[in-house]
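S.K.: The structure's right below; bear with me while I get my questions together.
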Amino acid sequence: DQQVKQNSPSLSVQEGRISILNCDYTNSMFDYFLWYKKYPAEGPTFLISISSIKDKNEDGRFTVFLNKSAKHLSLHIVPSQPGDSAVYFCAASKLGGSQGNLIFGKGTKLSVKP
Amino acid sequence: KAGVTQTPRYLIKTRGQQVTLSCSPISGHRSVSWYQQTPGQGLQFLFEYFSETQRNKGNFPGRFSGRQFSNSRSEMNVSTLELGDSALYLCASSVIQISNEQFFGPGTRLTVL
C-alpha cells in the first residue's frame, strides 16, 4: 500500500512557464511534507517543506500548496528553468512521533525545454 | 561543512555474497537513515539509527541489517545477496532524533549478478 503517491511519472514544460508537480497521500497522521530534487548519480537534495498547520509555503521560485482535506499537495515552479530538469520526490512524515523516517513517492521526472 | 559521504560509490557482487556499505554523516548529525532506491519502487526506508540504537525499521527482510558507531558513522550489511537487491542505497543524516529535513549522500550503486 502506497501511502504517498505521485501519479505522474513525467512532466514536460517549456522554459519560462509554470511547472506543477502533484502528490497525494493516504495517511492522515502525516503532518509534515517535503519535496526533494534528484539529479542522476546524486543523492536527493531538500527543496522545500510545509507543515500541516500551513496551506502554503514559498521560497523563491518554489511554492508548495497543501490541501489537507483532499490529502493533496503540489509544488509550483515559476518560472521553470532548464536547470530544474530532475526527478522530484514528494515525502511525508509524522512530527513528534516515534517515526523517524520519511515516506517517499515514486517521483516525477521534470523536463524543462529551452 | 562536508556533506554526507558514502563508500564505496559502486559495487558489483554475485548472488549469495554479502556486502557492507558505509556512511559518514554530516559533522554533528546524530541520526542516520538508510533508503533503497529502485526504478519501480522509488525510495524505500530501510532503517534509522540514533545514538547507536536502531529506532525504526522498514519492511525489509532480516538479510538487511545495520549499525551505528559512537562517532555516528553507520554501516549497512546485506547478506545472501539476491538479484533484486540491485539498487541505489542512500544514506541520509539529520541533526536530531526526530527531524524531517534529512541530508542525503550520493549513494552506493550495488549491482548483483
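Protein chains in written order, with the numbering used here: chain A, 1 to 114; chain B, 1001 to 1113. Note that the Cβ used here is the ideal one computed from N, Cα and C, for glycine as well.
(1) For residue 28 of chain A, is the classification buried or exposed, using 16 other Cβ atoms within 10 angstroms of its Cβ as the cut-off for buried?
(2) Label residue 101 of chain A either buried or exposed according to how many other C-beta atoms from any shown protein chain fall within 10 Å of its C-beta, with 16 as the threshold for buried.
(3) Would you say residue 48 of chain A and residue 55 of chain A are within 7 Å of each other, going by their C-beta atoms?
(4) DSSP state of residue 102 of chain A, grouped into three classes?
(5) So the candidates are B:1005, B:1063 and B:1054; which of them puts its Cα closest to the Cα of residue 42 of chain A?
(6) What do you reckon, are the CB atoms on residue 25 of chain A and residue 92 of chain A nearer than 7 Å?
(7) If residue 1107 of chain B sits next to residue 1081 of chain B, beta carbons under 8 Å apart, how far is it from one beta carbon to the other, in whole angstroms?
(8) Suppose contacts are defined by Cβ-Cβ distances below 7 Å. Is residue 111 of chain A in contact with residue 12 of chain A by that definition?
(9) Report the residue from A:50, A:36, A:15 and A:21 whose alpha carbon sits nearest the alpha carbon of residue 30 of chain A.
(10) Rounded to whole angstroms, what is the Cα-Cα separation between residue 61 of chain A and residue 77 of chain A?
(11) Consult DSSP for residue 1 of chain A and reduce its assignment to one of helix, strand or coil.
(12) Should residue 1092 of chain B go down as buried or exposed, given a rule of 16 or more other Cβ atoms within 10 Å for buried?
M.R.: Looking at the atomic coordinates:
(1) If you number the first sequence from 1, residue 28 of chain A lands on position 28. Classification of residue 28 of chain A: exposed, given that the 10 Å Cβ count is below 16.
(2) One-based indexing of the first sequence puts residue 101 of chain A at position 101. That one is buried.
(3) Locating residue 48 of chain A in the first sequence gives position 48, counting from the first residue. Locating residue 55 of chain A in the first sequence gives position 55, counting from the first residue. No, the Cβ-Cβ distance between residue 48 of chain A and residue 55 of chain A is not below 7 Å.
(4) In the first sequence, residue 102 of chain A corresponds to position 102, counting from 1. In the structure shown, residue 102 of chain A sits in coil (DSSP, three-state: anything other than H, G, I, E or B).
(5) Counting from 1 along the first sequence, the entry for residue 42 of chain A is found at position 42. Nearest C-alpha to residue 42 of chain A: B:1005.
(6) By one-based count along the first sequence, residue 25 of chain A stands at place 25. By one-based count along the first sequence, residue 92 of chain A stands at place 92. Yes, Cβ-Cβ distance for residue 25 of chain A and residue 92 of chain A is below 7 Å.
(7) Within the second sequence, numbered from 1, the residue matching residue 1107 of chain B stands at position 107. Within the second sequence, numbered from 1, the residue matching residue 1081 of chain B stands at position 81. Actually they are not in contact, since the Cβ atoms of residue 1107 of chain B and residue 1081 of chain B sit about 17 Å apart, beyond 8 Å.
(8) Here residue 111 of chain A refers to the residue found at position 111 of the first sequence. Here residue 12 of chain A refers to the residue found at position 12 of the first sequence. For residue 111 of chain A and residue 12 of chain A, yes; Cβs fall inside 7 Å.
(9) Here residue 30 of chain A refers to the residue found at position 30 of the first sequence. The option with the nearest alpha carbon to residue 30 of chain A is A:50.
(10) Taking the first sequence and counting its residues from 1, the one referred to as residue 61 of chain A is at position 61. Taking the first sequence and counting its residues from 1, the one referred to as residue 77 of chain A is at position 77. The straight-line gap from Cα to Cα measures roughly 5 Å.
(11) To locate residue 1 of chain A, count along the first sequence from 1; it is residue 1. Coil at residue 1 of chain A, not helix or strand.
(12) On the second sequence, residue 1092 of chain B is found 92 positions in, with the first residue counted as 1. When all chains shown are included, residue 1092 of chain B counts as buried.
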